[in-house]
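Okay, structure first, notes after.
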Amino acid sequence: MEKQEYEECKKRNEKLIQLFEKHGLPYYNAFAFADAFCKRKNELRKRLDFLILLATLWSPNNHLFARPVDVEKYSPIELPMLSTLHSTNLFLQKHVEFALGINRLTNALDYFKLYQMLAPRNFAAYCNEESNFLCFISDMSEHSYLFNLRFLSNVELLGLQRQSIAEYKQWESNYVSHKRIKSEIKAFLEENSSKDISLEMIIRLLEITQEYIKNLRTDSKNHSKYKPIYNRISKYIKAVKDDNICTEDNLDMDDPIGSIFERMLKISIYFDPLNRIGPMYLCWMIENRLIKFSKHDADSFNYSLDTNPEKIFPYRNNWHNGGRTVSDVARVYLFDTLCAWWKNKKINFSMPLSVFLFERTLPCYSDFLLAGNNPLTDPKITHQLVTYLDLRFSSSYLSTCLSATADMLCINPDWFPLPFPVQDENWDICNTGTIGNERDIVENASHDCSKEMIQSLNTNKNLLKKCKIDEKSVIRSFITCFSQKPYYEEFIKLVFLNPLGYHSTYRISYKDQIALQQSLTQWVIACVDLIEPDQLIRVKDDLYDTAYQDICHILQDYVVELCLNAVPILYSGYFRDELWGSLILLCKEMFFYEDFTDKQYQRLQDFSEEFCQYV
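The opening residue of the sequence shown carries number -17 in our numbering; numbering runs sequentially from there.
Take a look at the structure:
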């Protein structure tokens, strides 16, 4: 990197830090920043700098989160008192302290402490130089440079959002002005009965609808529900193709369904204001009217939308943590195919407005439905989703922003303030989602821990023959216990949201080190106490007291190890899943938010021009 580029990156990073500090947003790690942003969105949204902060959130800013932090500015998180839950078992407490790796941590700091004692004059200078070097690495990093490019793209996205909102309000005003929309449509159809809609177009719309219904029927609960309309459409298509009929005289066939499709096409192409949103109009009609229509009379079909746009295209922010529903994926196919068809036919309509209205009504999924340029689909769905690389769909573009954010929110166990005895490959679950994986996590952790427990029972006076331990019962008890996530908030505050916790790249003091050790030890003891390992063993009546105590201690060791192996993965994954969901909902809410002020947009533009002038 050229010296000038480095200097500019440094200035921009300093400007960002000033911006975060001005609004009280933490920047000691990405989780703390994103968590604070989501929790304070309503408060921050009223501020002049909000759109700047939003563009910053989407960019993202990992290069800042790797910087040393002035600990003096951030008071440590005070955990709730857990003194009443302290274990009375000294053996257990000592074991927890050992298992936490406190001794290893202390030994790891020996060199650092030795340098402090032998060279007190140079120690402060050493710390200062180390801090300057870390800042230098952060300022000249690839993330620092890419941030500016991403920031510019997100400024453009917010400009697109502003245009979409303005176009939506204009269309809404025009639509609402048609007080008697149903009568107007009827009059339009009578006046334009001679307008030519080719049989080819009618059949193509029938085929698209047929495919949509076919996808819906892959869900067993919809199979019978949509059978009548599916058979009607299929029969009509077959009759046309078998007879090779291409004249308007034969459009009705035995079913007026062809006439209904012809009229919907006329409205979507020629009738103001619905022709502005032609694909969205057809999508809404097929979804809400046609597949529920059972009468055999084209004149009785309701070709109008509801009079209230908010009811037609309601903003939907319901969250789907699991897989996408068949109905929603089928709906995306329907809309995408109609848009592609309209574009290919060069029919005049507003693609941005249609997309805007469609996505207002789309539920939010963990991947925001589309995964960049690699859309995923349910194996039951009979098609591949259509994407348009030359168009900027809000969902696909936002997912691109969020994919960068997702990289920023990856869990790295090496960044925890204290080590946990967990296999590295098991941490991958945290970055892919824990929902539905809880039992697998516990069983994997238990498998490794139980080997040591069995070995201890065998080698310690052959205690295994004198007791019966049901490992499955232990796992069930563990899962039952942690299904309520005991002390979850405490863990998150301690490990992720504390400036001394996750991703602390500076060297913390011995005092702070001990404080973290004590807090986490306290937390683990409280969790272990809830499992009550003493209740999970059965022993012979003639067992000596000392032998019984030995068995209890060994089983306690097993439970402690199980806690230390499984809980960090579970809780870290829970937190990432929750935060990820909050970010997606925030992104969608902000994209469809109508009340940003002109001053906020202008402030964003001014900041962007100043901030990115050297990009």
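The C-beta atom is built at its ideal place from N, Cα and C for all residues, glycine as well.
Which first and last residues belong to the alpha helix (DSSP H) in which residue i is found?
i	result
D17	12 to 21
C463	453 to 464
C321	308 to 326
E576	Premise fails: E576 is in no alpha helix (DSSP H) and is neither H nor E.
K(-15)	-15 to 4
M122	No alpha helix (DSSP H) holds M122; DSSP gives it neither H nor E.
G240	239 to 252
T38	32 to 39
K475	470 to 477
C265	260 to 270
Y9	No alpha helix (DSSP H) contains Y9, which DSSP labels as neither H nor E.
D600	A query on residue 600 cannot be resolved here, the shown segment of the chain reaching from -17 to 597 and no further.
E193	181 to 198
E172	163 to 173
C594	Where C594 is concerned, there is no enclosing alpha helix (DSSP H), given that its DSSP letter is neither H nor E.
P291	291 to 294
D288	Taken as a continuous stretch (DSSP letters only), D288 belongs to no alpha helix (DSSP H), as it is neither H nor E.
H45	44 to 47
D410	410 to 414
Measuring from the CB of residue i, is there a heavy atom of the ligand GDP at a distance below 8 Å?
i	result
F283	Looking for the ligand GDP in the displayed structure turns up nothing, as the structure carries no ligands at all.
Whose C-alpha, out of the options, is nearest the C-alpha of residue i?
i	options	result
F574	Y553, N408, L247, G141	G141
D406	N426, M183, N136	N426
C594	S126, L567, K274, A14	S126
Y285	E166, L131, A388, K(-7)	E166
S180	N330, K248, K467, L128	K248
Y10	L568, R49, D559, F129	R49
E315	C346, I195, A386	Note that residue 315 is Tyr in the sequence shown, not Glu. Y315 has its Cα closest to that of I195, out of C346, I195, A386.
R544	S590, K(-8), Q531, I461	Note that residue 544 corresponds to Leu in the displayed sequence, not to Arg. The shortest Cα separation from L544 among S590, K(-8), Q531, I461 belongs to I461.
F600	C(-9), F32, K(-8)	Because the chain here runs from -17 to 597, residue 600 falls outside it and cannot be looked at.
F578	Q145, E453, N130	Q145
D17	S159, D288, H45, T387	T387
I242	H205, N43, M267, Q582	M267
R458	E420, L546, F478, L391	E420
W562	F589, M390, D422, L46	M390
E(-11)	S120, K151, T414, R313	S120
K164	K203, F283, S113, Q587	F283
I(-1)	K(-15), E591, K23, F15	F15
E571	A497, C412, I533, R342	R342
L258	N44, K325, D237	The sequence as given places Arg at residue 258; Leu does not occur at that position. It is K325.
E(-13)	L128, F19, K28	L128
T289	L7, Y553, S159	S159
I251	S202, L198, V477, N174	N174
T307	S176, T200, L565	T200
C330	N413, F317, F253	Reading off the sequence, residue 330 comes out as Asn, not Cys. Nearest C-alpha to N330: F253.
List the DSSP bridge partners of residue i.
i	result
C431	DSSP lists no partner for C431.
C117	Note: C117 sits in no beta bridge, so no partner.
W301	C346
message: Using a Cβ distance threshold of 8 Å, determine whether the segment 394 to 403 contacts the segment 477 to 486, with at least three qualifying pairs required.
response: yes
query: What runs of the alpha helix (DSSP H), each 4 residues or longer, lie entirely inside the segment 131 to 158?
result: none
message: Counting beta carbon pairs with one atom in the segment 261 to 268 and one in the segment 527 to 542, are three or more of them shorter than 8 Å?
response: no
message: When you compare the segment 128 to 145 with the segment 26 to 45, are there three or more beta-carbon pairs, one atom per stretch, that lie closer than 8 Å?
response: yes
task: Take every Cβ of the segment 331 to 351, pair it with every Cβ of the segment 286 to 306, and state whether three or more of those distances are shorter than 8 Å.
output: yes
message: Count Cβ pairs between the segment 181 to 200 and the segment 285 to 294 that sit closer than 8 Å; are there 3 or more?
response: no
field: Those runs of the alpha helix (DSSP H) which lie wholly inside the segment 527 to 576 and span at least 4 residues
entry: 527 to 573
message: For the segment 466 to 476 against the segment 546 to 565, do three or more pairs of beta-carbon atoms, one drawn from each stretch, fall closer than 8 Å, so that the two count as touching?
response: yes
field: Inter-stretch contact at 8 Å, needing at least 3 Cβ pairs: the segment 197 to 217 / the segment 153 to 171
entry: no
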